[in-house]
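Engineer: Residue numbers (the working numbering): 18 to 309.
Glycine included, C-beta positions come from ideal geometry on N, C-alpha and C.
Note that the structure is predicted; figures quoted are calculated from it, not measured.
(1) Examine the Cβ distances between the segment 283-293 and the segment 236-256 and report whether three or more of them are shorter than 8 Å.
(2) Cα separation between residue 231 and residue 278?
(3) Determine the direct distance from the alpha carbon of residue 151 to that of residue 305, and round the result to whole angstroms.
(4) Does the beta-carbon of residue 268 have 16 or more other beta-carbons within 10 angstroms, so that it is buried, or is it exposed?
(5) Could you give the first and the last residue of the continuous beta strand (DSSP E) run that contains residue 142?
(6) Per DSSP, residue 154 is paired with what?
(7) Would DSSP call residue 208 helix, strand or coil?
(8) One question on the structure: do residue 218 and residue 199 come within less than 7 Å of each other, judged by their Cβ atoms?
(9) Can you tell me whether residue 57 is buried or exposed, with buried defined as 16 or more other CB within 10 angstroms of its CB?
(10) Looking only at C-alpha atoms, which of 115, 66, 226 and 79 sits nearest to residue 109?
(11) Could you please give the first and the last residue of the uninterrupted alpha helix (DSSP H) stretch that includes residue 66?
(12) Quick check on the burial criterion: 16 or more other C-beta atoms within 10 angstroms. Buried or exposed for residue 161?
(13) With 16 other CB atoms within 10 Å as the buried threshold, where does residue 312 fall?
(14) Using CA coordinates, which residue listed in 167, 91 and 119 is at the minimum distance from residue 228?
(15) What are the uninterrupted segments assigned as alpha helix (DSSP H) that are 4 or more residues long and contained completely in the segment 202-247, given in chain order?
(16) Rounded C-beta distance between residue 209 and residue 188? I'm assuming under 8 Å.
(17) Starting from residue 261, trace the beta strand (DSSP E) in both directions and tell me its first and last residue.
(18) Could you give the C-beta distance for residue 62 and residue 254, rounded to a whole number, given that I count them as a contact under 8 Å?
(19) Quick check on residue 91: buried or exposed, where buried means 16 or more other Cβ atoms within 10 Å of its Cβ?
(20) For residue 244, which residues in the same chain have their Cβ closer than 8 Å to its Cβ, ignoring the five residues on either side in sequence?
(21) With 16 as the cutoff for other CB atoms within 10 Å, does residue 203 come out buried or exposed?
(22) Taking residue 184 as part of the alpha helix (DSSP H), name the residues at either end of that continuous run.
(23) Per DSSP, which one or two residues make a beta bridge with residue 46?
(24) What does the alpha-carbon distance come out to for the pair residue 131 and residue 49?
(25) Taking residue 246 as the reference, which of 207, 134 and 72 has the closest Cα?
(26) For the beta strand (DSSP E) that contains residue 56, what are its first and last residues?
(27) Residue 18 by DSSP, collapsed to three states: which one?
(28) State the CB to CB distance for the pair residue 43 and residue 133, rounded to an integer number of angstroms; the pair is presumed to be in contact (CB under 8 Å).
(29) By the 10 Å Cβ neighbour count, where 16 or more other Cβ atoms means buried, how is residue 102 classified, buried or exposed?
(30) Would you call the CB atoms of residue 98 and residue 34 closer than 7 Å?
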């Protein structure tokens, strides 16, 4: 979005990003006491907006923070942001913190602060299909995070540390494993393909519900592709025909090497190619306004 306006939303006002400021006493800054969402936009149409707002509500419920807006109000904010930023293919970042309190205190009982609400549009370069099909490399790492990973919180230090392990190993990402069970990636969900069956870990407190994950499952169900949502053992990664990592910005990335060894044929597999083609068709329908 070079040479275009960079207008953000902060607490009911639209302003240039350089004018937007938040108090140093804000609990999002002091404690990471905040939640967020990232919503892809294609042709000014938001991807699965209902799913994103539901996940936002679930995160707010989990930290006992009232939602400052209803769905229609959020939609109006997003529409205004896209218009003010000439948004086409991009993404909306939304963050809600518990707000600024008079003193630094873990207690949230008194006095009650007003939530800080921030949203912005940022450019997302759509993955080049040829580059994406070349695949990524990953390692497995110990998932030492807390048992509330279903909250999409800005408290991402553990994820940063885990991604750094991947960077130090000169690979693109890490697949997290807790007690021999696969949870997710550092910022993505994990799928494997074995004998033409898709397998992905079930929802729960150990991983974040993924909107792209849900869309992949829907695509599979609509196209007679067998899929299982069940516990996925680490050992199954090494016997998999294909491994994928999915997220709103990464979309569906095939993992072709894991811990230095080839996954399957060492190339993006036929199931990935089939599902990715269907995903691309869905994106084009969204741009055309034919789906939500």
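Structural biologist: In short, the structure shows the following:
(1) yes
(2) Residue numbering aside, residue 231 sits at position 214 when the chain shown is read from its first letter. Residue numbering aside, residue 278 sits at position 261 when the chain shown is read from its first letter. If you take the alpha carbons of residue 231 and residue 278, they lie about 29 Å apart.
(3) The residue given as residue 305 occupies position 288 in the chain shown. The residue given as residue 151 occupies position 134 in the chain shown. Each residue's Cα considered, the two are about 28 Å apart.
(4) The residue labelled residue 268 in the question sits at position 251 within the chain shown. Label assigned to residue 268: buried.
(5) Translated into positions along the chain shown, residue 142 becomes position 125. Per DSSP, residue 142 belongs to no beta strand (DSSP E) and is neither H nor E.
(6) Here residue 154 refers to the residue found at position 137 when the chain shown is read from its first residue. 274.
(7) On the chain shown, position 191 is the one that residue 208 refers to. Shown here, residue 208 sits in a strand according to DSSP, grouped into three states.
(8) Within the chain shown, numbered from 1, the residue matching residue 218 stands at position 201. Within the chain shown, numbered from 1, the residue matching residue 199 stands at position 182. Yes, these two residues count as a Cβ contact at 7 Å.
(9) If you number the chain shown from 1, residue 57 lands on position 40. By the 10 Å Cβ count, residue 57 comes out buried.
(10) Sequence index remark: in the chain shown, residue 109 carries index 92 (1-based). Considering only alpha carbons, the answer is 66.
(11) Sequence index remark: in the chain shown, residue 66 carries index 49 (1-based). In the DSSP assignment, residue 66 falls within the alpha helix (DSSP H) that extends over 66-79.
(12) Here residue 161 corresponds to residue number 144 of the chain shown, with the count starting at 1. When all chains shown are included, residue 161 counts as exposed.
(13) Given a span of 18 to 309 for the chain in the structure shown, any question on residue 312 remains unanswerable.
(14) Within the chain shown, residue 228 is the residue found at index 211, counting from 1. Residue 167 holds the alpha-carbon nearest to the alpha-carbon of residue 228 among 167, 91 and 119.
(15) 228-239
(16) The count along the chain shown starts at 1 and reaches residue 209 at position 192. The count along the chain shown starts at 1 and reaches residue 188 at position 171. The C-beta distance from residue 209 to residue 188 rounds to 18 Å, too long to fall under 8 Å, and the pair is not in contact.
(17) Here residue 261 refers to the residue found at position 244 when the chain shown is read from its first residue. Taken as a continuous stretch (DSSP letters only), the beta strand (DSSP E) holding residue 261 covers 259-264.
(18) Position 45 of the chain shown, counting from 1, holds the residue named residue 62. Position 237 of the chain shown, counting from 1, holds the residue named residue 254. Not confirmed; about 35 Å, so no contact.
(19) Taking the chain shown and counting its residues from 1, the one referred to as residue 91 is at position 74. So residue 91 ends up on the buried side.
(20) Sequence index remark: in the chain shown, residue 244 carries index 227 (1-based). The residues are 214, 215, 216, 217, 234, 237 and 238.
(21) If you number the chain shown from 1, residue 203 lands on position 186. Buried, since its Cβ has 16 or more Cβ neighbours within 10 Å.
(22) As a working mapping, residue 184 is identified with position 167 in the chain shown. From DSSP, the alpha helix (DSSP H) with residue 184 extends over 174-185.
(23) In the chain shown, the residue the question calls residue 46 occupies position 29. According to DSSP, which records beta bridges pairwise, residue 46 is partnered with nothing at all.
(24) Here residue 131 refers to the residue found at position 114 when the chain shown is read from its first residue. Here residue 49 refers to the residue found at position 32 when the chain shown is read from its first residue. The alpha-carbon atoms of residue 131 and residue 49 are separated by roughly 16 Å.
(25) One-based indexing of the chain shown puts residue 246 at position 229. Nearest C-alpha to residue 246 among 207, 134 and 72: 207.
(26) Walking along the chain shown from the start, residue 56 turns up at place 39. DSSP places residue 56 in the uninterrupted beta strand (DSSP E) bounded by 51-59.
(27) Numbered from 1 along the chain shown, position 1 holds the residue referred to as residue 18. Summary for residue 18: the model assigns pLDDT 42, below 50, so the residue's position carries little reliability; its value from the coordinates is reported in the next sentence. The answer is coil: DSSP assigns residue 18 none of H, G, I, E or B.
(28) Counted from its first residue, the chain shown places residue 43 at position 26. Counted from its first residue, the chain shown places residue 133 at position 116. About 6 Å separates the two Cβ atoms, so the contact holds.
(29) As a first step, residue 102 is located in the chain shown; it is residue number 85 there, counting from the start. The residue in question, residue 102, is buried, as its Cβ has 16 or more Cβ neighbours within 10 Å.
(30) By one-based count along the chain shown, residue 98 stands at place 81. By one-based count along the chain shown, residue 34 stands at place 17. For the pair residue 98 and residue 34, the CB atoms are not nearer than the 7 Å cut-off.
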